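Letter 77 of the sequence shown, counting from 1, is numbered 134 in our numbering, and no numbers are missing.
Backbone N, C-alpha and C fix where the C-beta goes; we use that ideal spot for every residue, glycine too.
In this text, all values refer to a predicted model and were calculated from it rather than measured experimentally.
A short worksheet on the structure shown next.
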Amino acid sequence: MPDTTAPTTTASTEKKNIVNGEPLLSLVVADSTPAPANTPQSTSVTSAKAKHPSSGTATKTRRLSINHLVRQAGVSQAMRRRLRTDGIVYVNQKAASWHSLVVPDDKVTIYLPKEEPTFIPWAYDIPIIYEDEHLLIINKPTGLLMHPTSTERFHTVANALIHYFEKTNQTQAAFHPVHRLDKDTSGLVIIAKNALVQHSFTKTHAPIRKIYEALCDGFFPANFATIHWPIARKEESIIERTISPDGKAAHTDITCVARHKRLSHVRFVLHTGRTHQIRVHMSHLGFPLVGDDLYGGSLDLLEKQALHAIGLQFVHPMTHTFMNVTAPLPTAWEPLISQYLEHNKISF
């Protein structure tokens, strides 16, 4: 693994402070021989050696620009622009530039200035289901916004995680949500710790598979259902959505887990990510979510919508490991499941 210790340099004190800590990106330029698998902090990129036409031996070495090397490593164009503008580049622990040329066995390290927190830390412990040096996955409680707004500047997921990063001395970590949940939706959310990891999720061809579960009003009659109903913003509303032929395509797969005449337990797999997609589809079917007053759900059993992001499946963009992460159901659901659904589960 390349040495990730911040290199010494004759640059100004300000720049020394900028590169104090872990690099954003660490690359080793490899020759044409496949390199062994690297640790998640490192990425090997092949720089082929050209053979001399007469002697047949390797006498010339192809040089790569830093930009070409980073592009080969799968970094998005938007992220490369940011690295070119703000990045601090070192080759073999010596100061270099974005236009420097590298050869096999060169070690390229790129730092970005530390991201100063823009949120006030909030000492609130959000359940963390998984964490590594690149990202963490939280089990967001219902009632929490993802980030501050003009009306709530303090009690949000962003504020709580800034506190967590400070408490655990993760000085280089910042809040970069890969996706989001509505305030009253609970469950799994992926938070990247830097902009590179966040951008890497947008580069992958394998989407994140998101699995939700909910309690809906009434006896849901079908074991399985697939919904293709386009969704648009409702006229004269900045929040509410509705089914509309002029809306964006929305695809939801539904499986009934258990049902009772009062309420049913249903599972969803989303193939699109429209705002309020599950809530709108279920309301239009005539089975609004329990506690969802915006779309006609009953309020006598729960005061908040009974919608929970229970599962995520994806390929980790940095380690390329398949991740299958689940979260327990909210404890507020337990009395309802016990009373109405414990003996009414569907067998498949």
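Completely contained beta strand (DSSP E) runs for the region 278-360, where each covers 3 or more residues: 281-285, 288-290, 298-300, 308-316 and 320-327
Pick from 242, 368, 165 and 250 that is closest to residue 126, judged by C-alpha positions: 165
Under the three-state DSSP convention, the category residue 252 falls into: helix
Simplified DSSP assignment, three categories, for residue 269: strand
Cβ neighbour criterion (16 or more within 10 Å) applied to residue 144: buried
Runs of beta strand (DSSP E) wholly within the region 151-176 (minimum 3 residues, chain order): 164-168
From 321, 292, 328 and 334, residue whose alpha carbon lies closest to that of residue 242: 334
Residue span of the beta strand (DSSP E) that contains residue 197, given as start and end: 192-197
DSSP three-state assignment for residue 402, whether helix, strand or coil: strand
Those residues which DSSP pairs with residue 370 across a bridge: 266 and 381
Simplified DSSP assignment, three categories, for residue 187: strand
Between the CA atoms of residue 138 and residue 149 - distance to the nearest angstrom: 23 angstroms
Span of the alpha helix (DSSP H) around residue 219: 214-224
N-terminal and C-terminal residue of the alpha helix (DSSP H) that residue 127 is part of: 123-129
Run of the alpha helix (DSSP H) containing residue 141, from where it starts to where it stops: 134-143
Neighbourhood of residue 356 by C-beta, 8 angstroms cutoff - its chain only, sequence neighbours within 5 removed: 348 and 350
Residue 272 beta carbon less than 8 angstroms from that of residue 346: yes
Under the three-state DSSP convention, the category residue 238 falls into: coil
Chain-order list of residues whose beta-carbon lies under 8 angstroms from that of residue 181 (same chain, five-residue window excluded): 212, 216, 217 and 220
DSSP three-state assignment for residue 147, whether helix, strand or coil: strand
Three-state secondary structure (DSSP) of residue 103: For residue 103, the predicted structure reports a pLDDT of 34, less than 50, and the residue's modelled location is therefore unreliable. The matter cannot be settled from this model.
Local Cβ density within 10 Å of residue 322, reported as buried at 16 or more and exposed below that: buried
Which listed residue (295, 292, 298 and 282) has its alpha carbon closest to that of residue 308: 282
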